[in-house]
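Structure record follows, encoded as structure tokens.
In the working numbering, the protein residues as written are 16 to 336.
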């Protein structure tokens, strides 16, 4: 079976406004048979884009996770037109799935509002830089080499490396990823080595960063796949980023998952086939929720996209004596 990223997020048209995922989704960052959230966002963006006239480019996609999608059944994507003008196109996408309980009933997994705009002349052109200076991707180790180095130096065990592969195997199959050595994720292998002391331990949690360079392993051709691919990448690890930046991991909490997202694209000509730098930061943690952000730049230093998310973060229940 085709294991390219484009095939993973491909949708088939069932009617003018209804689509179905071409293949079963896969998990990532979760050991349960639950679809990776970025997978569902990418599918919804792809479906929305197929109902929009040529010349319009996605500039925002916002939505809510309403329930986990199973990896055992395909999802249905129903698109509704909310706005259609000469300059803007807005689409609402409802992602649903058969429950599998024998009743043939369906449940909604996600709702997304996607906005498209025709390119317009610019008055200003500026972009914020990353928080710190990161190594270029050419000077960052491929994931497999980094794992070997960390095992040899005793920073992680072979068992921890296997756990990383199980949790992030999908990402490694679809993308070339190089974790920046200056970042917490690069020093702890995405938090797997949660007891490792990092060069950012002296900073408050809101100033800590994790970063990585990424590029698809196989070229992306369809226009909508480029922005859908960005959404796929930016969703990853945001829900448990506060854990990674606090020497904790998923086994330290009872629940950790994304509740909503706001994905924004700042360039009408995103080329996912080029290397891009992603930087993750967390801003707020309170009342059982967290708020974190992921930002992406191209190699020229232009910020091309961002995603913010609120996520649930529940501690383990303390048993009363």
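All C-beta atoms, glycine included, are put in the ideal place defined by N, C-alpha and C.
Whose CA, out of the options, lies closest to the CA of residue i?
i           : options               : result
residue 322 : 190, 311 and 130      : 311
residue 238 : 283, 93 and 148       : 283
residue 92  : 123, 257 and 193      : 123
residue 278 : 59, 195 and 38        : 59
residue 45  : 225, 180 and 221      : 180
residue 227 : 121, 154 and 166      : 154
residue 73  : 303, 128, 314 and 162 : 128
residue 234 : 61, 190, 218 and 197  : 190
residue 272 : 61, 196, 326 and 161  : 326
residue 149 : 161, 197 and 22       : 197
residue 289 : 138, 152 and 75       : 152
residue 23  : 100, 247 and 266      : 247
Taking all protein chains shown into account, do 16 or more other C-beta atoms lie within 10 angstroms of the C-beta of residue i, making it buried, or fewer, making it exposed?
i           : result
residue 252 : buried
residue 56  : buried
residue 144 : exposed
residue 231 : buried
residue 28  : exposed
residue 339 : Only positions 16 to 336 of the chain appear in this structure, which leaves residue 339 out of reach.
residue 213 : buried
residue 82  : exposed
residue 201 : buried
residue 340 : The question about residue 340 has no answer, for the chain in this structure spans 16 to 336.
residue 193 : buried
residue 257 : buried
residue 31  : exposed
residue 168 : exposed
residue 294 : buried
residue 147 : exposed
residue 250 : buried
residue 315 : exposed
residue 291 : buried
residue 172 : exposed
Less than 7 angstroms between C-beta atoms, sequence neighbours within five positions excluded: which residues of the same chain meet that for residue i?
i           : result
residue 133 : 70, 71 and 102
residue 209 : 203, 262, 263 and 264
residue 299 : 305 and 306
residue 330 : 268 and 269
residue 164 : 156
residue 205 : 179, 183, 252 and 259
residue 303 : 327, 328 and 329
residue 86  : 39, 40, 41, 42, 48, 49 and 50
Please tell me whether residue i and residue j are closer than 8 angstroms, where the distance is taken between their beta carbons.
i           : j           : result
residue 106 : residue 118 : no
residue 26  : residue 34  : yes
residue 52  : residue 80  : yes
residue 1   : residue 224 : One cannot answer for residue 1 here, as it falls past the ends of the chain, which runs 16 to 336.
residue 126 : residue 109 : yes
residue 183 : residue 43  : yes
residue 188 : residue 17  : no
residue 41  : residue 185 : yes
residue 84  : residue 120 : no
residue 281 : residue 319 : yes
residue 89  : residue 47  : no
residue 176 : residue 166 : yes
residue 243 : residue 61  : yes
residue 296 : residue 241 : no
Measuring from the CB of residue i, is there a heavy atom of the ligand GTP at a distance below 7 angstroms?
i           : result
residue 200 : As for the ligand GTP, it is missing from this structure, which has no ligand bound.
Using C-beta distances below 6 angstroms, list every residue in its chain close to residue i, excluding the 5 sequence neighbours before and after it, in chain order.
i           : result
residue 64  : 239
residue 104 : 67, 71 and 131
residue 37  : 25 and 27
residue 98  : 105
residue 77  : 128 and 277
* To do: Only counting runs of 3 or more residues, tell me where the beta strand (DSSP E) segments fall wholly within the stretch 140-224, in order along the chain.
  => Correct list: 190-194.
* **Inside the stretch 260-327 only - beta strand (DSSP E) runs reaching at least 3 residues** => You should have 268-280, 291-301 and 304-313.
* Could you tell me which uninterrupted alpha helix (DSSP H) segments, each at least 4 residues in length, are contained entirely in the stretch 75-117, listed from first to last along the chain? => Entirely contained in the stretch 75-117, not one alpha helix (DSSP H) run reaches 4 residues.
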